[in-house]
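*Asks:* When you line the sequence shown up against the UniProt record's numbering, it's residues 1 to 345, in that order. Have a look at this one.
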Amino acid sequence: MPHENGQEPAESSKVSWPLIVSLVLIAGVWAAGAVWSYDHQSRFAESLGFHHGYLLPAVADGLPVAMAAVAFSAALDGRPATVARLGTALAVAASSASNGIYAWRRSGHDLTTVIVAVAIPVMAAVAFEVLLGEIRKQVLQRRGAAPPAPVPLLRPIRVLLDPFREIGQWRRHVLTVTDPAADPVRQQALSRLVDAVAEIEAQRESPQETSAEEIETSRETFEAPVWPTETPALTAPVSGETSRSVAAETSTLTASETAETSRSDTSRPSRSGKAETAGSQRAAMKAWATAQIDAGVKISGADLDRQFGTRNYGRAVLRELKAARAEAAEVAPVSTPAVAGVADA
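Structure, rendered in structure tokens:
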């Protein structure tokens, strides 16, 4: 039916059939629990010798219903109804205790029977509270009032990972949402603010992981270190005999290396640049070591590494240099006294 201004009523005021069916089922559960508890309470009263046994379930089970109805009416008017809710909880506890005592006496101390008798009033009370809560939401929507703010639930996975931080945030959120002094607009704004702060803290504390694209980019831009190709200045003077001996040893040592380098260049052209760089680096290190030895300076593999910026490579160069000197001495003995004097020194 249209309103006076010619507009149709809002769709939110209509109650859907699934909701009606759900409410009927919940009401049926509560009614079944109420009948069960009524029969149990009335028999318990008769066994105790009371003439009007029906009065016990009327009081024990009627009090939770009356308190819940009072809380329902207060919630529609925006009042907290704390006393009514506390009375509902106490009445449900008293009804469950009465059923449990009667089941304990009648069943001969059977624990299963006691648990069933105690659970029935509790389940009926829960069903009744759910029914009243849903009806309250529908009534508030029809009145055009804002429904009560839903209490946020704890997320179990976050509680397991960080219980203290998650429970603290949940507590602040609940206090913000359920603040009776705040209007609905302010409650929504504060709720969004709390959520935003929680997200910022989570992002700040979570480690930043490198993506696959960044890893591939770093691999592509990686460049191998380039060995220096220039021979550094010698720290000691070198005589003419030393230069000639260095040239002779260099020519004898690089024959096999040149052939090996040429084979590697033809088979693996992508590594030719590295082979040439390593060969020139090794030759420079051998030349410098030869000059230092001929000048009477004692050097070690660590000295070579520091001079050329290498690591654990100078010792191998010295071993090759000593082996080459020994082989050259066996093949061609020293013929000039000047060179022999330098070697003896």
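Where is the CB? At the ideal position from N, CA and C, for every residue including glycine. Note that this is a predicted model, so its numbers are computed, not measured.
#1: Could you round the C-beta distance between residue 113 and residue 127 to whole angstroms and report it? I think they count as a contact, below 8 Å.
#2: Between residue 23 and the rest of its own chain, which residues show a CB-CB distance below 8 Å, the 5 nearest in sequence each way excluded?
#3: Could you give the C-beta distance for residue 92 and residue 121, rounded to a whole number, given that I count them as a contact under 8 Å?
#4: Select from 143, 100, 292 and 311 the residue whose C-alpha is nearest the C-alpha of residue 76.
#5: What is the DSSP secondary structure of residue 81, reduced to helix, strand or coil?
#6: Between 68, 106 and 96, which lies nearest to residue 88 when the distance is taken from Cα to Cα?
#7: So, residue 27 versus residue 60, is the Cβ gap smaller than 9 Å?
#8: Taking the C-alpha atoms as reference points, what is the distance between residue 192 and residue 311?
#9: Among 153, 317, 162 and 157, which has the Cα closest to the Cα of residue 173?
#10: Between which residues of its own chain and residue 314 is the CB-CB distance below 6 Å, once the five residues before and five after are set aside?
#11: Would you check if the distance between the CB atom of residue 124 and the CB atom of residue 37 is smaller than 9 Å?
#12: Can you give me the C-alpha to C-alpha distance between residue 51 and residue 101, rounded to a whole angstrom?
#13: Buried or exposed for residue 109, going by 16 or more other Cβ atoms inside 10 Å?
#14: Residue 19: which of 176, 138 and 167 sits nearest, CA to CA?
#15: Run through DSSP, which three-state label would residue 100 get?
#16: What residue range does the alpha helix (DSSP H) around residue 16 cover?
#17: In terms of alpha-carbon separation, which member of 295, 318 and 40 lies closest to residue 286?
#18: Rounding to the nearest angstrom, what Cα-Cα distance links residue 30 and residue 41 in this structure?
#19: Is residue 109 helix, strand or coil when you go by DSSP?
#20: How big is the Cα-Cα spacing for residue 43 and residue 71?
#21: In terms of residue numbering, what span does the alpha helix (DSSP H) encompassing residue 62 cover?
#22: Span of the alpha helix (DSSP H) holding residue 299?
#23: Any idea if residue 195 is buried or exposed, counting beta-carbon neighbours within 10 angstroms, 16 or more meaning buried?
#24: By the three-class DSSP mapping on this structure, what secondary structure does residue 88 have?
#25: Do you know offhand how far residue 160's Cα is from residue 169's?
#26: Within the continuous alpha helix (DSSP H) that includes residue 177, where are the two ends?
#27: Is the CB-CB distance between residue 66 and residue 54 below 9 Å?
#28: Rounded to whole angstroms, what's the CA-CA distance from residue 151 to residue 179? Just pull it up for me.
*Replies:* If we stick to the structure as given:
#1: Actually they do not touch by this definition, with Cβ atoms about 22 Å apart.
#2: In the same chain as residue 23, and ignoring 5 residues on each side of it, the C-beta atoms closer than 8 Å to its own belong to 131, 134 and 135, in chain order.
#3: The Cβ separation is near 6 Å, so the contact holds.
#4: When 143, 100, 292 and 311 are compared, the shortest CA-CA separation from residue 76 is found for 143.
#5: Of the three classes helix, strand and coil, the one that applies to residue 81 here is coil, per DSSP.
#6: The option with the nearest alpha carbon to residue 88 is 68.
#7: In this structure, the beta-carbon distance from residue 27 to residue 60 does not fall below 9 Å.
#8: Distance between the alpha carbons of residue 192 and residue 311: 58 Å.
#9: Its Cα nearest to that of residue 173, the residue 153 stands out among 153, 317, 162 and 157.
#10: In the same chain as residue 314, and ignoring 5 residues on each side of it, the C-beta atoms closer than 6 Å to its own belong to 301, 304 and 305, in chain order.
#11: A contact, by the Cβ cut-off of 9 Å.
#12: Rounded to the nearest angstrom, the two C-alpha atoms are 20 Å apart.
#13: Around the beta carbon of residue 109, a 10 Å sphere encloses fewer than 16 other beta carbons of the protein chains shown; the residue is thus reported as exposed.
#14: Looking at 176, 138 and 167, the one whose alpha-carbon comes closest to that of residue 19 is 138.
#15: Residue 100: helix per DSSP, three-state reduction.
#16: No alpha helix (DSSP H) contains residue 16, which DSSP labels as neither H nor E.
#17: Looking only at 295, 318 and 40, the smallest Cα-Cα distance to residue 286 is reached by 318.
#18: Note on geometry: alpha-carbon atoms of residue 30 and residue 41 lie some 16 Å from one another.
#19: Residue 109 carries a coil assignment under DSSP once its states are collapsed to helix, strand and coil.
#20: Residue 43 and residue 71 have their C-alpha atoms roughly 30 Å apart.
#21: From DSSP, the alpha helix (DSSP H) with residue 62 extends over 62-76.
#22: Per DSSP, residue 299 lies in no alpha helix (DSSP H) and is assigned neither H nor E.
#23: Under this definition residue 195 is an exposed residue.
#24: The three-state secondary structure of residue 88, taken from DSSP, is helix.
#25: Distance between the alpha carbons of residue 160 and residue 169 is about 14 Å.
#26: Per DSSP, residue 177 belongs to the alpha helix (DSSP H) from 163-177.
#27: Contact: no.
#28: Taking the straight line from one Cα to the other gives about 11 Å.
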